[in-house]
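Numbering-wise, full-length UniProt numbering puts 205 at position 205 of the sequence shown, and it's gapless, one number per residue.
In this text, a Cβ means the ideal position worked out from N, Cα and C, and glycines have one as well.
Note that the structure is a prediction, hence the values are computed from the model and not measured.
First the structure, in the form of structure tokens, and then the observations on it.
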Amino acid sequence: MNKFFTRFKASEHGGEYLMRFISAWLCSLVLILPFRPVKEVFNKEYAGEAPYLLLILFFTLFYGLLTVLRFIPKLRDMKTDCAALLISTAQFTVAYAVVMFREKGTNIDFFLGAVLFIALAVWYTVGKQRIRLPKFTKKCWIAVLAISAVFMLVFTALAMSLRYYKLCTPAFDFGIFTQMFENMKDGLGPVTTVERNYELSHFAVHFSPA
Numbered sequence: 001m002n003k004f005f006t007r008f009k010a011s012e013h014g015g016e017y018l019m020r021f022i023s024a025w026l027c028s029l030v031l032i033l034p035f036r037p038v039k040e041v042f043n044k045e046y047a048g049e050a051p052y053l054l055l056i057l058f059f060t061l062f063y064g065l066l067t068v069l070r071f072i073p074k075l076r077d078m079k080t081d082c083a084a085l086l087i088s089t090a091q092f093t094v095a096y097a098v099v100m101f102r103e104k105g106t107n108i109d110f111f112l113g114a115v116l117f118i119a120l121a122v123w124y125t126v127g128k129q130r131i132r133l134p135k136f137t138k139k140c141w142i143a144v145l146a147i148s149a150v151f152m153l154v155f156t157a158l159a160m161s162l163r164y165y166k167l168c169t170p171a172f173d174f175g176i177f178t179q180m181f182e183n184m185k186d187g188l189g190p191v192t193t194v195e196r197n198y199e200l201s202h203f204a205v206h207f208s209p210a
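The following block contains the structure:
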């Protein structure tokens, strides 16, 4: 066994096997998300009820596909395993960050863990494996920065607009007080109908145990 590990470590493809294994594993974890047996992924029940057969099937499929890519003559000189590790790490982080945000809200611990995970993948592929990054001209960098700035501006504007419209719905304070003050102006008193689905004093809601 020690002899096997020594040869594996000395082999120039040893790192490629490791990257291929991790890439296939991360892609499999992303693909089983739609087939999860329980509603919440970040739940102790999920580990015991995860679809293991699908996980093994997806892992075998991705590992075989990445292995086949190494035998294509045009891709033989390219570091496909390095690229697969970076891509799979990115999609795994994004997919599970979305799930985490939907189930638990913002989580600084998950964010720090994801940043460390991505940093390790970038360090290993770019630094240790010497993957070649594409060279961009100055005009390309300016275009990328401009597009990123426009995207950030549009995203922020949409997020703030959606938040405003969300707070304007009758179930939130803005809608509640709007109806209450309208009824007070008409002489009906501080009553609302949006809090308990029938006409009720707003102050009675505060004293209600339910």
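Under 8 Å Cβ to Cβ from residue i, same chain only, skipping five residues before and after it: list those, please.
i, result
"residue 67", "20"
"residue 159", "none"
"residue 91", "26, 27 and 30"
What residues in its chain sit with their C-beta under 7 Å from that of residue i, if we drop five residues either side in the sequence?
i, result
"residue 192", "176, 179, 180, 200 and 202"
"residue 121", "85, 86 and 89"
"residue 16", "81"
"residue 165", "none"
"residue 104", "42"
"residue 10", "Any reading at residue 10 needs caution, since the residue's pLDDT is 46, under 50, leaving its predicted position unreliable; the model's value is listed next. Around residue 10: no qualifying Cβ."
In terms of residue numbering, what span does the alpha helix (DSSP H) encompassing residue i cover?
i, result
"residue 108", "108–122"
"residue 81", "80–104"
"residue 204", "202–207"
"residue 189", "From DSSP, residue 189 is part of no alpha helix (DSSP H); its letter is neither H nor E."
"residue 52", "52–69"
Below 8 Å on the Cβ atoms is my guess for residue i versus residue j; work out the distance and round it to an integer in Å.
i, j, result
"residue 28", "residue 62", "6 Å"
"residue 30", "residue 99", "With 8 Å as the limit, residue 30 and residue 99 do not qualify as a contact, their Cβ atoms being about 10 Å apart."
"residue 54", "residue 35", "6 Å"
"residue 33", "residue 95", "6 Å"
"residue 93", "residue 119", "Wrong, their Cβ atoms sit about 11 Å apart, outside the cutoff."
"residue 189", "residue 183", "7 Å"
Keeping to the same chain, check which residues put their C-beta closer than 6 Å to that of residue i; ignore five residues upstream and five downstream.
i, result
"residue 23", "84, 85 and 88"
"residue 205", "195"
"residue 161", "none"
With burial defined as no fewer than 16 other Cβ atoms inside 10 Å of the residue's Cβ, what is the status of residue i: buried or exposed?
i, result
"residue 26", "buried"
"residue 195", "buried"
"residue 155", "exposed"
"residue 59", "buried"
"residue 125", "buried"
"residue 7", "Note on residue 7: pLDDT 49, under 50, position unreliable in the model; no value is reported."
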